[in-house]
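Protein chains in written order, with the working numbering: chain A, 357 to 710; chain B, 357 to 710; chain C, 357 to 710; chain D, 357 to 710.
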């Protein structure tokens, strides 16, 4: 199970990166002296203040230890057990959380919808929000969950988000945003966090810090503050209220200070752009979809894939069609890392074409 | 909600302490370079190795973010939804986890039992393990959960544990130990961790690191390794498998290195002993029960309680009988902290008796 | 498992009785011709109309197949998963439903309270409704469940109910009534069903038909009709919306026609009164508590208990203190049945005293 | 909500039919005298004996009040909460039970698969049983649920069932059969119930009596008897163990006597065949798929659909493609009913074509 080898060439996920030095420093500084437990400490309060400033409104904040917890606590607060969660077929909540949404919601049903670039197709959503509403023989459409940026590295534009949000609101449903890569979307779009969330109708946001620089801390940003008491009770029952919460809060505090969260995300995005630009120039390599944020899909010849793996590069390649590869950059990816990979792809392609 | 005042005189809980410097250093060192996510990293492997050495057997380890999660994942793996968990009436799982056991177990029932020093009375346990077994109209006795050290600061001796474990095993039930203060019990008893757990029949142990020095990391020590796959699936669904698990693991790694965990616990115990010794000498103060570990209960005159609170001391006093106070020390409590409190009690008592 | 012997002398429970002939006739008449499924049929509509008349208000009605289902669907609609249900320690929901309340509520916690005659003590309730409210570390007091008549055969008087209801309402909690023997209480008290339920503040009533004459049909009477959609979805998910609901409805329709439900209950009550009167006259027999409805507890000498069992009488005797016996009458109990038992007790007592 | 009009021309579902006279008689006969509750009575024992004879093996039997309950109790006993249930996209458990499977299984996930005639495609099943097995980030394939007869009225042949069962068993999964119309499949195939269930590898069968003649009773036939205790506890928690179970058992007893269950099913099948034969002769009407049992799909011109509805015929037509109509016969459908419908279709078609 344990792999102790160094991982110099890892493009499998942004969750393989470490943490930002500023964050490590902040955690070290949080060490000394007593503090009230369970989030009643000063650092936790400061995180809430920073998020209120960033989102330009009076949000509440729930600090949790994983993105999964942020997602599924949010869903549980937005749907009854007999409700359905409308989401994209490729979404993380639908594929990669082992039924955590069903566990936390006491058995609500995910309804997967299709759409390009892992974005929910608005026409399909229009139909889905009306599907058998008020019929006790069927789960009741209750919440729409969008992912920003999407699982394929695209971002929902304000217009696209607005369209989905309008359909959602007009049908009386609630709107959740899985912001696992929310910082990347903000960086890519150059719009305010407020425009990309509550102004568009988002009720709850999984803020998504772990992939972008924190160690073990993530957060739910609560725009509909009437949900806060319920979220708090649910978080406690879930084992998600840390006694020494300040050590989570310290990570987020540093993450939100002086724009570190956006700098990290912009860097990850630019590394993906550099990678895509480089791959575009390699004959036989076909970048796929859109790469707005830090995820890039492309098609590679099978011998090239095998050569890269043999060279020690780490990435996913066996989960989609044969030949389709996913490459993910992070705040810690360097230009050398990217160029190293590009060189290897170039070499392998040249060899493979002989 | 947020209290930003300094807390120099806090005896309310060991969860108000920070972390050990060695642990902060280890987390900082875990920062650099990529690592495989979700516990496949080298540090996580090392924690498992250390625990195997400490427990002298091939345990598995599940790292989680809170003691609540450790407890309730363990219970969920040991009881079916129609089972009952036999525990002490004063136990943390019964009182302080907001129904987390019921949530994780999909509705099992906690059956509270009485007993001195927050230890389950063996005679009551003998009756409870047989209560309506095999009767579909009643929950089925399935698991016994003991707390070590107990909620009142006493420790289960090997004999006491053995008695409870024998009753449990003879009735075909499973045995869980909430080791929120397990290190304190090991330090107090001078027995091996193995003797106090699996050799006595414990199936799963909530290891209990957070109160004794780590920041945000706790662990389930799995003695019955057949339970590991189930625990892993349950942990994922609970949002308790951290992507960057190495940052939790690094805390535990340092905690288990060179006996830090036992040194911390021994110190906390000795501070409680110093406090008890000092209080014994104060007229009008009545220490209650047994103080083996780092929790001390005593009875104080009401004016003394009020004077201490006014002086800025922080402790619980309104949860039991009037006049009953709980004082908790930690690895971070100093002799000066204790003596400061003793002096204040002495002064207040003298004043109050005038 | 299966006992094929005749049961002429059964006082173990009112659930051993068959059904009323009027009800059997009604079911037979419901046989012919098609009808809309899932409660959209005319008979179901008639049951609702009858209950509206009986309760003098616009109730909704959910027909279910067991009293357990009626109880736990009601509780699930009145408490969040992090809530607590305050009930008597001896209540059916606490002891005899195998954790069904925890299952349906997704893990809410029953908080058992004491009190004479299986009635919740108002002083204890006053404390319990305030217990750690708003504290995420503890379940939140959410609903009070009273049983009418109680598990020991007493009835809550309008005053007693009013006191409990006022405490409940003033604390902002909801009120459920387990009316497993509601008809018996109405018959005993001579008050209107409305006075004994919604006028006193009851939100949901488990109507309790099965023990008093129907075959397989019970019902939730919904006074707070805002709960109806939620109850309907929950009932469907629970497998409690019968396709051919008219066969359940037909039972209730006959049960509610021409006062059959009250006649049956009055008869069961009078048989218990006859039994108590007779036992009072037997030396060495001590009736216990109050017998308002059709359950009677008494203390018998152990040899008498054994003689009665040997004679083929069926009753519970091993669940409380030694020597304590429960005797239950029903709509089908005859005066001869009672006199037969009284004679046997008299004989056994006389023999036993020699 | 309530429709009190007569329903002479109802082809919407077999659940609109009443009950067989033999069954009504049996229930009336079960009325008199006391009986042990909760299935310990003689009639319940007789049902088990009859099913053992019919299935030629020592089955256990759990009597429940709805087919939904039979299905979801079965699934809950066959999959852990982190498991997935592989089923056809059109299956009742996937579409028509309001998330009851998710509720009873504590959050397992249904994985819908495609295939002709509402039968799972074996190739898709081969892939699905291996999907991410042993990966904690994904639900674990745990049980396959097949429907017999299918939602479109086709039956799984012994060969087809054998193929699916082999894939299931080879992958270490369990096999559930939703036998909502099992009797129809037995009647259509002329094979023994044993061949169509446990000899092919079925672990649990939802027997499916309600649509075919009983009032309110259905049953789980337990081939893997090691599951019986768990099923019993789960049934109790679900409010599915009736106190006066004999009234459910009496229905099944009569249903299983002298082959009534197969006679009813054969009649319903023959009525569907008569209908299909008649529709085949109508120009402009296109019967769809296979009609082995008592469900028939066909395509009708929209004006014909509207004319039939105006004439008082009741059927589903708005749930699939425009123009697609479902017609269901039952044990109570008469030749006149069928001919009446055929005549109306003929008339409407002739009119419509003008």
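All C-beta atoms in this analysis are idealised placements derived from N, C-alpha and C, irrespective of residue type, glycine included. Being a predicted model, the structure only gives us computed values, none of them experimental.
Inter-residue Cα distance where the pair is residue i and residue j
i                      : j                      : result
residue 573 of chain C : residue 609 of chain C : 10 Å
residue 567 of chain D : residue 600 of chain C : 9 Å
residue 375 of chain C : residue 555 of chain B : 57 Å
residue 633 of chain C : residue 640 of chain C : 14 Å
residue 705 of chain C : residue 389 of chain D : 28 Å
residue 548 of chain B : residue 407 of chain B : 12 Å
residue 698 of chain D : residue 658 of chain D : 16 Å
residue 651 of chain A : residue 630 of chain A : 12 Å
residue 394 of chain C : residue 598 of chain C : 6 Å
residue 642 of chain B : residue 656 of chain B : 7 Å
residue 557 of chain D : residue 680 of chain A : 38 Å
residue 360 of chain B : residue 538 of chain B : Interpretation of residue 360 of chain B is limited by its pLDDT of 43, a score under 50 that renders its predicted location unreliable; no figure is taken from the coordinates.
residue 585 of chain B : residue 581 of chain D : 25 Å
Residues near residue i by beta carbon distance below 8 Å, same chain, minus five either side
i                      : result
residue 498 of chain B : 434, 435, 436, 439, 440, 441, 464, 529, 530
residue 381 of chain C : 610
residue 431 of chain B : 441, 449, 457, 460, 461, 464, 499, 501, 532
For residue i, the nearest candidate out of the options (CA to CA)
i                      : options                    : result
residue 494 of chain A : D:538, D:626, D:449, D:383 : D:449
residue 397 of chain A : A:606, A:548, A:668, A:678 : A:606
residue 506 of chain D : D:697, D:414, D:634, D:645 : D:645
residue 370 of chain B : B:680, B:670, B:697, B:700 : B:670
residue 509 of chain B : B:522, B:541, B:488        : B:541
residue 695 of chain B : B:656, B:628, B:665        : B:628
residue 473 of chain C : C:570, C:552, C:654, C:588 : C:654
residue 410 of chain A : A:429, A:618, A:469        : A:618
Neighbourhood of residue i by C-beta, 7 Å cutoff - its chain only, sequence neighbours within 5 removed
i                      : result
residue 520 of chain C : 476, 478, 481, 500, 502
residue 486 of chain D : 527
Chain D contact for residue i (CB, 8 Å cutoff)
i                      : result
residue 493 of chain B : yes
Spatial neighbours of residue i in its chain, beta-carbon cut-off 6 Å, leaving aside the 5 residues before and after
i                      : result
residue 544 of chain A : 511, 625, 648, 649
residue 668 of chain B : 365
residue 602 of chain A : 386, 391, 397, 399
residue 583 of chain C : 433
residue 424 of chain D : 453, 456
residue 416 of chain D : 578, 581, 584
Any C-beta of chain B under 8 Å from that of residue i
i                      : result
residue 432 of chain A : no
residue 653 of chain D : no
residue 443 of chain C : no
Beta carbon proximity, residue i to chain C, threshold 8 Å
i                      : result
residue 592 of chain A : yes
residue 437 of chain A : yes
Chain A within 8 Å of residue i, Cβ atoms only
i                      : result
residue 446 of chain D : no
residue 553 of chain B : no
residue 370 of chain D : no
residue 440 of chain C : no
residue 452 of chain D : yes
**OP:** Could you name the residues of the segment 600 to 622 of chain D whose beta carbon sits closer than 7 Å to any beta carbon of chain C, in the order they occur along the chain?
**Re:** Cβ proximity to chain C below 7 Å picks out 600, 603, 604 from the segment 600 to 622 of chain D.
Original post:
Quick one, which residues of the segment 455 to 469 of chain B are near chain A if we go by CB-CB under 7 Å, in chain order?
Top reply: So the list reads 455, 456, 459, given in the order they occur along the chain.
Subject >> Interface positions of the segment 476 to 502 of chain C facing chain A (Cβ-Cβ less than 7 Å), listed along the chain >> reply: Within the segment 476 to 502 of chain C, the qualifying residues are 492, 493, 496.
**OP:** Return the residues of the segment 419 to 431 of chain D that lie within a Cβ-Cβ distance of less than 8 Å from chain A, sorted by chain order.
**Re:** Here the close residues number zero.
**OP:** Output, in sequence order along the chain, the residues in the segment 628 to 648 of chain A whose CB is closer than 7 Å to any CB in chain B.
**Re:** Under the 7 Å Cβ criterion, the segment 628 to 648 of chain A contributes no residue.
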